[in-house]
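Residue numbers (the UniProt record's numbering), protein chains in the order written: chain P, 1 to 239; chain E, 1 to 239.
Even for Gly, the Cβ is constructed at its ideal location relative to N, Cα and C.
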DNA sequence: GAGTGGTCTAGACCACCGA
DNA sequence: CGGTGGTCTAGACCACTCC
């Protein structure tokens, strides 16, 4: 880990432990240099990351004040493995794979010099129900490009896909785009999520890419409306 | 505007104009120094912002590749004034204020050394319907602390609250936290959004703060489910 | 080996805040 | 006025990619 990340970790831990409670100021940038034996720009990088993540607000002429920050929450936020979240929140969870197709096809948009083009790409298709504390809460439909991950064992889907990609295959997840919409529950939703007619579901569609910018996974998550919650922290961009 | 922001703007404009199309590489950091007459760290800051915003992916040893990025979308994304968005998207929009209380009270969580405490704070309370292309789409309920903004003219609510805060009062918006949930439409929702019984609404609750970390506005937006869409770009955080 | 991005430094000048 | 953060520089060393 680099110096800036170490300072970030240390400050964050001290914020959580209320060494620096909400409303108080962190040490000044000059003080951080002395405290950690770093240059000012390095300390500033740590502070910038804390600000990006919503933990502090920097105020010119005054200092960096600790602000109320978002908590870890369930179940949609950034790119965190479902299993990682469940472990952090001490939630009993289980994945039930109810459809597994190791050789499926998915229409994929290709960016060519002439524009977008639709082609069919070989994927592994997996449908799972996330059972939280004994109740079915989410349906996940995953489509994983075989050109990047040739084989996804059913066992990996029952455990954690992310752990399989990162720990077993050594892939590094880079970024994802997500879209949240909502719609009336379908027959399939009602069956697997134990919903009544007229119920709604929140739908989260996401495309996940590696750090080398290869998109390799498309996911559609369908959440019970009464269990769905999403939190976001946003900064005002200068005009 | 600072140099990094200028370079950011210029690169972004060239990405939009497909001078650097999706899948191509931006000039290297060394080349950026010569092109813009800047130091490397300044160029890196511009690139880092582009990466944060989801326009490029930096690949060590190779360069900065342009990736498919999220478009401007309606109606919830970052902190952008509703009016700003509508103008950018060329949408005909109108705000109908159907409730205006210049002297209301709102329970507010106070962070004291002993923990959180609930107190009642004087606010201006405003309820509006956002009419998009002639159809009511969103209810906004705004509560603005009188300790920060003593007076909110009804006229400002009909135009743009953000424009009033920033342009008229000289306040600078810093950041906001948002939470998205969904629930069955209430009687009030059905009346103002022209919904049937059994319909659902998406609810976006947000707290907005200034750059000096003073929270001053609480907003609850209730969206027609069939019109609601939210997009997000997230990077995988290193473990 | 040449070129790329990743990290870090030491120092400079500026703008803002508060006493 | 001293202390704070905001910006920018020129240079160094490293890790990685590709030929």
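Taking CB atoms only, residue 151 of chain E has no neighbour in chain P less than 8 angstroms away. At a cut-off of 8 angstroms between C-beta atoms, residue 15 of chain P does not count as an interface residue with respect to chain E. Under the three-state reduction of DSSP, residue 237 of chain E is assigned to coil, being neither helix nor strand. Interface residue (Cβ-Cβ distance to chain P less than 8 angstroms): residue 216 of chain E is not classified as such.
Residue 52 of chain P sits exposed, since fewer than 16 C-beta atoms from the chains shown fall within 10 Å of its C-beta. When DSSP states are grouped into helix, strand and coil, residue 26 of chain P belongs to the coil group. Distances from the CA of residue 169 of chain E to each of E:140, E:129, E:193 and E:210 were compared; the closest alpha carbon is that of E:210. DSSP places residue 91 of chain P outside both helix and strand once states are collapsed to three, so it counts as coil. Taking a C-beta cut-off of 8 angstroms against chain P, the contacting residues of the region 154-174 of chain E are 172, 173 and 174, listed in chain order. Taking one beta carbon from each stretch, the region 89-101 of chain P and the region 33-53 of chain P have fewer than 3 pairs nearer than 8 angstroms; the two do not touch. Using a Cβ-Cβ distance cut-off of 8 angstroms, the region 151-158 of chain P and the region 176-187 of chain P are not in contact, since fewer than three pairs of beta carbons, one from each stretch, lie closer than that value.
Against residue 42 of chain E, chain P offers no close residue; the least beta-carbon distance is about 12 angstroms (beta-carbon pairs closer than 9 angstroms).
For the options E:129, E:97, E:122 and E:12, the alpha carbon positioned closest to that of residue 148 of chain E is the one of E:122.
By the Cβ test, the region 195-212 of chain P is not in contact with the region 13-21 of chain E, since fewer than three Cβ pairs between them sit closer than 8 angstroms. With a cutoff of 8 angstroms on beta-carbon distance, residue 224 of chain E and residue 193 of chain E are scored as near each other. Counting along the chain, residue 202 of chain P sits inside the beta strand (DSSP E) bounded by residues 200-210. Interface annotation, residue 236 of chain P: in contact with chain E, CB-CB separation under 8 angstroms. Residue 54 of chain P is positioned such that its CB atom lies closer than 8 angstroms to that of residue 233 of chain P. Within chain P, the residues placing a beta-carbon under 8 angstroms from that of residue 57 of chain E are 174, 175, 209, 211, 212 and 213, ordered along the chain.
Going by beta carbons, residue 219 of chain E and residue 206 of chain E fall inside the 8 angstroms limit.
By the rule that beta-carbons nearer than 8 angstroms mark a contact, residue 137 of chain E does not touch chain P. Separation of the CB atoms of residue 189 of chain E and residue 139 of chain E is rounded to 7 angstroms, and the pair is thereby assigned contact status at 8 angstroms. The contact set of residue 225 of chain E on chain P, defined by CB atoms closer than 8 angstroms, consists of 182, 183 and 200 in chain order. Identification of chain P residues near residue 63 of chain E by a Cβ-Cβ cut-off of 7 angstroms yields none; the smallest Cβ-Cβ distance measures about 11 angstroms.
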